[in-house]
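When we follow this note's numbering, the leftmost residue of the sequence shown carries the number 4, and every step to the right adds one.
We put the CB at the ideal spot given by N, CA and C, even for glycine.
Heads up: the structure comes next, in structure tokens.
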Amino acid sequence: MVFSQYKNVLIGISLIGFAVGSIIGGYIIYITKNYYWIYLSSPILAIGSAFVILGVLKKNN
């Protein structure tokens with residue numbers, strides 16, 4: 004694999020970790036009654052998953 008593929012996978016895993024942390028932190032959001040922050044985790048999770056998929060499936064030329 005080329006470095007850019009590793010980079011895409013690492014960025015994706017980092018974003019997925021951030022999104023999962025936001026979902027776990029949803030309990031704190033529930034307590035503070037600021038529900039709009041939880042909606043930020045869905046697009047971040049999607050972008051992170053896309054980075055991982057692109058990094059793994061990218062072909063070497």
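C-alpha of Tyr38 to C-alpha of Asn11: approximately 30 Å in a straight line. The Cβ atoms of Leu18 and Ile47 sit closer than 9 Å to each other. The three-state reading of DSSP puts Asn11 in helix, counting H, G and I together. Around the C-beta of Gly24, fewer than 16 other C-beta atoms lie within 10 Å, and the residue is accordingly described as exposed. In this model, Ser44 and Val59 are separated by some 22 Å (Cα to Cα).
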